[in-house]
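Chains as they are written, first to last, in my numbering: chain C, 1 to 95; chain F, 96 to 579.
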């Protein structure tokens, strides 16, 4: 499955990354090389194989539904690039 | 007194107990080494003040006889572990101003045992790379470099270089596809990636969550055993951490290996395998045979597919994990007219090229229409690779392989830069272990004709790190590798 320039633009947007116009073609070629390499997996028939999602079979534990941390507004906002009135600040999203 | 920074952790612990020198003196000596060796670029952030304060407190503990397991041991911390109030960058521009308000569980465990933190060590950006060349803070130089600067391996390149050059007594690393073992091999030191779930991932900047594990990088096998004991353990803050008792790993070092079955996977010995590493591999097997172990060839039939499987799963998980870097809540932000512009500008300027490549590959293999063909297919292949190991362990107790088919290569090597797949191929002996979630240790075995270290890898059954330490100690004693 080779990808085209249009797909490169689409993946870039889904990834919220910009690929400059002059980089679309080389990016496509590089991706096709990698995808071609990955397609060697198709040599193996896996029709009856269960996917392995995690190596440890632990059942996730339940814990009491209670507050374990909180009241740390200043710490939460400390690393924010922009914060106002105790909120994270972003560009205007509603016209 | 000879150079105290060349001592191992176990030797330092003895010396501190008998008051041959203080932790403060030792910490000062490491800080001097760090200052005199900044050309290696091993540290991203140095914490002289905090380290000296911690050392002072450790000396008080020794005076009172209240010393803990790692009291006063100066460590370097890979800059992927969140450290409270100390900048944590993941070697990325997007986090270069991030100061965590919390501590990772692994580093908290080390602090609780009395360790001193000298600073935060360089790595490949978000631990994505095998040469430490993708760091926003520049490449790390391998202390074994001769006429031209060589890579230390990656992604824990700063950790391996700092331990090899005595810029810390030992270091933490993380390993998603070989990131502890490959740099340990390239720098002539020892490192272990424990079983998935052995160490908590809480507070470690996530790369591929189903593969990431923390582990120690140290001068010898004993030091790795001492450090892993402290780092490991169940943590309710990480739902994938396992509730399994952590044994005293040092107690395995004196065990014997009579009758132990050592497997050599025939798929790891293609015709083209470099003859030097093949000879060292045979030699390591001979050492074990001479001590009464039974050495036999085994088969891991799906080995050939491990790299391609890994390079679907790891980017897929990474693309999902790295979606959190949006420029809103923490980290670098670039301006944008609208919210999407802000996201796109922030991520495009904040991430380096290898990270962007993996995010896009990961996004593609997870996208509608391609999920089954790539991601699901790779998860099925992962099952086959995992089952290969489980079948092999019916016939043997430990698997012995080289860590990497090559030694350290020059920084900026053209064949590696020209095609990303060439760089990925260096992980050929290490990635399967992460896919199967197994513990694996790398230790130095000898030098190439050009005078660069080769590493041997031991792979164990789940939660059987103890046997790895036992076997590794025997190879170490027989190989008599001379560190820098």
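Every residue, glycine too, gets a C-beta built ideally from N, C-alpha and C.
Consider the Cβ of residue i: report whether some Cβ of chain F lies at a distance smaller than 8 Å.
i: residue 24 of chain C; result: no
i: residue 82 of chain C; result: yes
i: residue 9 of chain C; result: no
i: residue 75 of chain C; result: yes
i: residue 2 of chain C; result: no
i: residue 93 of chain C; result: yes
i: residue 67 of chain C; result: no
i: residue 5 of chain C; result: no
i: residue 79 of chain C; result: yes
Evaluate residue i with the Cβ neighbour count: other Cβ atoms within 10 Å of its Cβ, from every protein chain shown; 16 or more gives buried, anything less gives exposed.
i: residue 433 of chain F; result: exposed
i: residue 425 of chain F; result: buried
i: residue 263 of chain F; result: buried
i: residue 314 of chain F; result: buried
i: residue 6 of chain C; result: exposed
i: residue 53 of chain C; result: exposed
i: residue 36 of chain C; result: exposed
i: residue 16 of chain C; result: buried
i: residue 217 of chain F; result: buried
i: residue 59 of chain C; result: exposed
i: residue 34 of chain C; result: buried
i: residue 270 of chain F; result: buried
i: residue 551 of chain F; result: buried
i: residue 250 of chain F; result: buried
i: residue 160 of chain F; result: exposed
i: residue 517 of chain F; result: exposed
i: residue 458 of chain F; result: buried
i: residue 171 of chain F; result: buried
i: residue 122 of chain F; result: buried
i: residue 81 of chain C; result: buried
i: residue 569 of chain F; result: buried
i: residue 379 of chain F; result: buried
Could you tell me if the beta carbon of residue i falls within a distance shorter than 7 Å of some heavy atom in the ligand SAH?
i: residue 501 of chain F; result: This structure simply doesn't include the ligand SAH, nor any ligand for that matter.
Could you round the C-beta distance between residue i and residue j to whole angstroms and report it? I think they count as a contact, below 8 Å.
i: residue 281 of chain F; j: residue 548 of chain F; result: 7 Å
i: residue 299 of chain F; j: residue 199 of chain F; result: 6 Å
i: residue 18 of chain C; j: residue 501 of chain F; result: Not quite, the Cβ-Cβ distance comes to about 35 Å (not below 8 Å), so this is no contact.
i: residue 49 of chain C; j: residue 479 of chain F; result: 6 Å
Does residue i get closer than 8 Å to chain C when you measure Cβ to Cβ?
i: residue 188 of chain F; result: no
i: residue 335 of chain F; result: yes
i: residue 215 of chain F; result: no
i: residue 511 of chain F; result: no
i: residue 476 of chain F; result: yes
i: residue 484 of chain F; result: no
i: residue 505 of chain F; result: no
i: residue 309 of chain F; result: no
i: residue 237 of chain F; result: no
i: residue 428 of chain F; result: yes
i: residue 139 of chain F; result: no
i: residue 600 of chain F; result: The requested residue 600 of chain F is not part of the displayed model; chain F covers only 96 to 579.
i: residue 471 of chain F; result: yes
i: residue 395 of chain F; result: no
i: residue 585 of chain F; result: Residue 585 of chain F lies beyond the stretch modelled for chain F, which goes from 96 to 579, so this question has no answer here.
i: residue 291 of chain F; result: yes
i: residue 400 of chain F; result: yes
i: residue 554 of chain F; result: no
i: residue 515 of chain F; result: yes
i: residue 147 of chain F; result: no
i: residue 422 of chain F; result: yes
i: residue 425 of chain F; result: yes
i: residue 439 of chain F; result: yes
With 8 Å as the limit, tell me which residues of the region 404-417 of chain F have their beta carbon closer than that to any beta carbon of chain C; keep them in chain order. 404, 406, 407, 414
Quick one: which residues of the region 441-462 of chain F get their C-beta closer than 7 Å to a C-beta of chain C? List them in chain order. 442, 443, 451, 454, 455, 456, 458, 459, 462
Using a Cβ-Cβ cut-off of less than 8 Å, list which residues of the region 47-64 of chain C approach chain F; keep chain order. 49, 50, 51, 52, 53, 54, 55, 56, 58, 60, 61, 63
For the region 29-46 of chain C, which residues have a CB atom closer than 9 Å to at least one CB atom of chain F, in sequence order? Cβ proximity to chain F below 9 Å picks out 30, 31, 33, 34, 35, 37, 38, 39, 40, 41, 42, 43, 44, 46 from the region 29-46 of chain C.
Identify every run of the beta strand (DSSP E) within the region 331-409 of chain F, keeping only runs that are complete inside it and at least 3 residues long; order them along the chain. 356-360, 389-393
If you scan the region 8-82 of chain C from start to end, which runs of the alpha helix (DSSP H) of 4 or more residues do you find wholly inside it? 21-38, 73-78
Please name the residues in the region 521-532 of chain F whose beta-carbon is closer than 7 Å to at least one beta-carbon of chain C, in chain order. Cβ contacts with chain C come from 531, 532.
Quick one: which residues of the region 101-129 of chain F get their C-beta closer than 7 Å to a C-beta of chain C? List them in chain order. none
Please identify, using Cβ separations under 8 Å, the residues of the region 349-380 of chain F that lie next to chain C, in order along the chain. Of all residues in the region 349-380 of chain F, none has a Cβ within less than 8 Å of some Cβ in chain C.
Would you mind listing the beta strand (DSSP E) stretches within the region 177-235 of chain F that are 3+ residues and don't spill past its ends, in chain order? Runs found: 211-216.
Identify every run of the beta strand (DSSP E) within the region 486-517 of chain F, keeping only runs that are complete inside it and at least 3 residues long; order them along the chain. 493-497
Within the region 530-578 of chain F, ranges of the beta strand (DSSP E) (whole runs, at least 3 residues): Taking only runs of at least 3 residues, the beta strand (DSSP E) segments lying wholly in the region 530-578 of chain F are 535-542, 548-555.
For the region 249-327 of chain F, which segments carrying the beta strand (DSSP E) assignment without a break, of at least 3 residues, lie completely within its bounds, in sequence order? 265-270, 285-288, 308-313
Under 7 Å, CB to CB, which of the residues in the region 294-323 of chain F have a partner in chain C? In summary, the residues of the region 294-323 of chain F whose CB is separated from some CB of chain C by less than 7 Å are 305, in the order they occur in the chain.
For the region 190-203 of chain F, list every residue whose C-beta sits within 7 Å of some C-beta in chain C, in sequence order. Within the region 190-203 of chain F, the residues whose Cβ lies closer than 7 Å to any Cβ of chain C are, in chain order, 193, 194, 196.
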